[in-house]
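Only one structure is covered here, and it is reproduced in the block below.
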Amino acid sequence: MTNKKRGGSLGRIKGFAIQFLPYSEIKDLDSNRRIKKILGVVLGNNILILQGRLYPEEETRLIGDTMAMIGHVKHFKGIELAVISGNGQEGFIENLKRGIVNVLSGGDLGAITIIGPATIVKEIKKNPKKIELLLNK
Amino acid sequence: MVIKIFKNFIKRMFSNIFKNNKQIKLGFYGPPNAGKTSLANRICKDFTGEELGSVSNVPHETRNVQFKEKVEIDFKGKKMVFKMVDTPGIATKIDYEEFLKYKVKKKDAKKRAKEATQGVIESIKWLDDMNVVVVVLDSTENPYNQVNITIIGNLVARKIPVLIVANKIDKKKSNIKKIEAAFPEYDVVGISAKFGKNLEEFYESIFKISKKVK
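Chains as they are written, first to last, in this note's numbering: chain A, 4 to 140; chain B, 7 to 220.
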């Protein structure tokens with residue numbers, strides 16, 4: 004799904020792309036490189052769909068780093084971020100199974116992380132049954 | 007031998023004194039405009055007679071970490087001493103144009119946005135220093151916001167005891183059950199910081215989780 008005609012800056016959006024990143028692309032990277040890779044995608048006017056999820060500390064690091072960019076990167080206003088994962092109510096056996104799979108695969112592959120620049124993504128509405136991606140006009 | 011016993015006695019005595027005077031660092035975290043400062047003010051006013059910070063309808067009113075030392079909370083005959091740490095709201099985006107809707111002048115809105123971004127960074131940095139954290143959520147808003155999940159995930163990773171407060175229960179749209187459903191593994195206490203509603207349960211929960219602090 005591509006509707007792409009990249010502008011020179013985030014302020015003049017003529018289009019955007021949705022980029023999928025498999026977990027294998029970030030699995031062996033350290034936190035610094037993971038964040039750098041994600042920011043590289045997002046600052047290029049892309050909505051990133053990442054297989055798996057970041058560690059909580061990496062999520063806060065990503066928020067902190069993007070905050071530091073506001074005012075320094077032209078027209079950048081931050082990001083919209085959402086993680087779709089289990090709701091923690093699956094029961095002991097299900098959680099145990101998922102835990103084993105996560106340990107073997109090196110990450111929570113059942114999760115999906117969506118990250119987009121706030122100039123493109125207005126809001127990610129989430130509830131247990133659905134997720135809606137609202138875009139800016 | 008006698009000197010050694012005497013030394014140990016003095017050492018134990020001092021450690022007990024410091025243990026009793028030890029204050030628990032109680033952080034107030036959450037998204038902007040959830041009522042963190044209102045709640046911190048309510049507690050500080052009740053037990054010290056002074057407020058901690060200013061509150062406003064305009065988001066990101068608190069843009070610096072502000073704290074009050076040695077707040078002794080006396081609840082049902084039990085006492086605990088806290089360092090109250092009120093933090094700026096954590097957000098993933100900040101746009102100065104949002105503040106213009108609240109009739110803030112453009113120049114002030116830009117300044118506010120700049121300070122708010124620094125505030126978010128500061129809040130995140132302070133996470134490591136907390137002993138107990140109260141995550142304050144607006145019970146009229148959708149709790150499935152990634153900021154809430156990220157804050158709680160970080161506290162769990164750092165093994166910091168968490169209490170979730172569903173604030174603004176005085177409002178019609180308030181829905182505590184939605185917050186309980188979103189975070190089934192945590193205690194959720196519904197309060198109104200503005201009107202001081204249900205603070206008894208809040209204090210009881212704070213005492214309960216503060217006991218977990220080593």
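Positions of the beta carbon are idealized from the N, C-alpha and C atoms, including for glycine.
Please report whether the beta-carbon of N6 of chain A lies at a distance below 8 Å from any beta-carbon of chain B. Working through the first sequence from its first residue, we reach residue 6 of chain A at position 3. Annotation note: pLDDT 47 at N6 of chain A (below 50); position unreliable, no value reported.
Euclidean distance between Cα positions of I96 of chain B and V153 of chain B: In the second sequence, the residue the question calls residue 96 of chain B occupies position 90. In the second sequence, the residue the question calls residue 153 of chain B occupies position 147. Taking the straight line from one Cα to the other gives about 7 Å.
Look up V44 of chain A in the DSSP assignment and say whether it is helix, strand or coil. Position 41 of the first sequence, counting from 1, holds the residue named residue 44 of chain A. Three-state DSSP puts V44 of chain A in a helix.
Flag I96 of chain B as yes if its beta-carbon sits less than 8 Å from any beta-carbon of chain A, otherwise no. Locating residue 96 of chain B in the second sequence gives position 90, counting from the first residue. Yes, I96 of chain B lies at the interface with chain A (some Cβ there is under 8 Å from its Cβ).
Those residues which DSSP pairs with A71 of chain A across a bridge: Numbered from its first residue, the first sequence carries residue 71 of chain A at position 68. According to DSSP, which records beta bridges pairwise, A71 of chain A is partnered with nothing at all.
Using 8 Å as the Cβ pair cut-off and three pairs as the minimum, do the region 128-141 of chain B and the region 99-106 of chain B touch? The answer is no - the region 99-106 of chain B does not touch the region 128-141 of chain B, with fewer than three Cβ pairs under 8 Å.
Hey, out of B:V138, B:N160, B:E121 and B:F189, whose CA is closest to P131 of chain A's CA? The residue given as residue 131 of chain A occupies position 128 in the first sequence. Considering only alpha carbons, the answer is B:F189.
Pair every Cβ in the region 156-175 of chain B with every Cβ in the region 49-68 of chain B, then say whether three or more of these pairs are closer than 8 Å. No, they do not touch.
Tell me the DSSP secondary structure of I96 of chain B in three-state form. Looking up residue 96 of chain B in the second sequence gives position 90. DSSP places I96 of chain B outside both helix and strand once states are collapsed to three, so it counts as coil.
I130 of chain B lies in the alpha helix (DSSP H); which residues open and close that run? As a first step, residue 130 of chain B is located in the second sequence; it is residue number 124 there, counting from the start. From DSSP, the alpha helix (DSSP H) with I130 of chain B extends over K112 to W132.
Every unbroken alpha helix (DSSP H) within the region 21-108 of chain B, with a cutoff of 4 residues, ordered by chain: As far as the region 21-108 of chain B is concerned, its whole alpha helix (DSSP H) runs of at least 4 residues are 42-54 and 102-106.
Answer yes or no: do I158 of chain B and V168 of chain B have a C-beta to C-beta separation smaller than 8 Å? By 1-based counting over the second sequence, the position of residue 158 of chain B is 152. By 1-based counting over the second sequence, the position of residue 168 of chain B is 162. Against a cut-off of 8 Å, the Cβ pair of V168 of chain B and I158 of chain B comes out as a contact.
Please name the residue or residues paired with G119 of chain A in a DSSP beta bridge. To locate residue 119 of chain A, count along the first sequence from 1; it is residue 116. As a beta-bridge residue in DSSP terms, G119 of chain A pairs with A:E83.
Determine the closest residue to V71 of chain B out of B:S60, B:T146 and B:S180, with distance taken between C-alpha atoms. Sequence index remark: in the second sequence, residue 71 of chain B carries index 65 (1-based). Comparing Cα-Cα distances from V71 of chain B to each of B:S60, B:T146 and B:S180, the minimum goes to B:S60.
Partner residues on chain A for N137 of chain B, Cβ-Cβ distance less than 7 Å: Stepping through the second sequence from its first residue, residue 137 of chain B is reached at position 131. Under the 7 Å cutoff, chain A gives no residues; its nearest Cβ is about 18 Å from N137 of chain B.
Give a yes or no on whether the C-beta atoms belonging to V139 of chain B and I166 of chain B are separated by under 8 Å. On the second sequence, residue 139 of chain B is found 133 positions in, with the first residue counted as 1. On the second sequence, residue 166 of chain B is found 160 positions in, with the first residue counted as 1. Going by C-beta atoms, V139 of chain B is nearer than 8 Å to I166 of chain B.
So, is the C-beta of V194 of chain B closer than 8 Å to a C-beta in chain A? Counting from one through the second sequence, the residue named residue 194 of chain B turns up at place 188. Taking 8 Å as the CB threshold, V194 of chain B stays off the interface with chain A.
Rounded Cβ spacing between G55 of chain A and L136 of chain A (contact assumed at less than 8 Å): Numbered from its first residue, the first sequence carries residue 55 of chain A at position 52. Numbered from its first residue, the first sequence carries residue 136 of chain A at position 133. Approximately 19 Å separates the beta-carbon atoms of G55 of chain A and L136 of chain A; this is outside 8 Å, ruling out the contact.
Exposure label - E62 of chain A; buried when at least 16 CB within 10 Å: Locating residue 62 of chain A in the first sequence gives position 59, counting from the first residue. Burial call: buried.
Just to confirm my understanding: we take F208 of chain B, look at its own chain, exclude 5 residues before and 5 after, and list those with CB closer than 6 Å. What are they? In the second sequence, residue 208 of chain B corresponds to position 202, counting from 1. Only V195 and I197 meet the Cβ criterion.
Do A121 of chain A and I87 of chain A come within 8 Å of each other at the CB atom, strictly closer than that value? The count along the first sequence starts at 1 and reaches residue 87 of chain A at position 84. The count along the first sequence starts at 1 and reaches residue 121 of chain A at position 118. Not closer than 8 Å, so no.
Contact set between the region 164-184 of chain B and chain A, restricted to residues whose Cβ is under 7 Å from the partner: Listed by position, the residues of the region 164-184 of chain B near chain A (Cβ gap below 7 Å) amount to none.
Does any residue of chain A have a CB that is nearer than 8 Å to the CB of N234 of chain B? Because residue 234 of chain B is not part of the residues shown, which for chain B are 7 to 220, the question remains open.
Could you tell me which residues DSSP pairs with V142 of chain B in its beta bridges? Here residue 142 of chain B refers to the residue found at position 136 of the second sequence. Answer is B:V171.
Using beta carbons (cut-off 8 Å, strictly below), is D134 of chain B in contact with chain A? Taking the second sequence and counting its residues from 1, the one referred to as residue 134 of chain B is at position 128. No, no contact with chain A.
Counting C-beta neighbours from all protein chains within 10 Å, is the total for D144 of chain B 16 or more, i.e. buried, or is it exposed? As a working note, residue 144 of chain B is residue 138 in the second sequence. With a threshold of 16 other beta carbon atoms within 10 Å, D144 of chain B meets it and is buried.
Using DSSP bridges, identify the partner residues of E126 of chain A. As a position in the first sequence, residue 126 of chain A is number 123, starting the count at 1. A:L137.
Just checking: is the beta-carbon of S21 of chain B within a distance shorter than 8 Å of some beta-carbon in chain A? Walking along the second sequence from the start, residue 21 of chain B turns up at place 15. Because the pLDDT at S21 of chain B is just 49, under 50, the model does not fix this residue reliably, and the point stays unresolved.
Tell me which residues share the same chain as T5 of chain A and place their Cβ nearer than 6 Å to its Cβ, disregarding the 5 neighbours each side in the sequence. Position 2 of the first sequence, counted from the start, is the residue given in the question as residue 5 of chain A. Annotation note: pLDDT 44 at T5 of chain A (below 50); position unreliable, no value reported.
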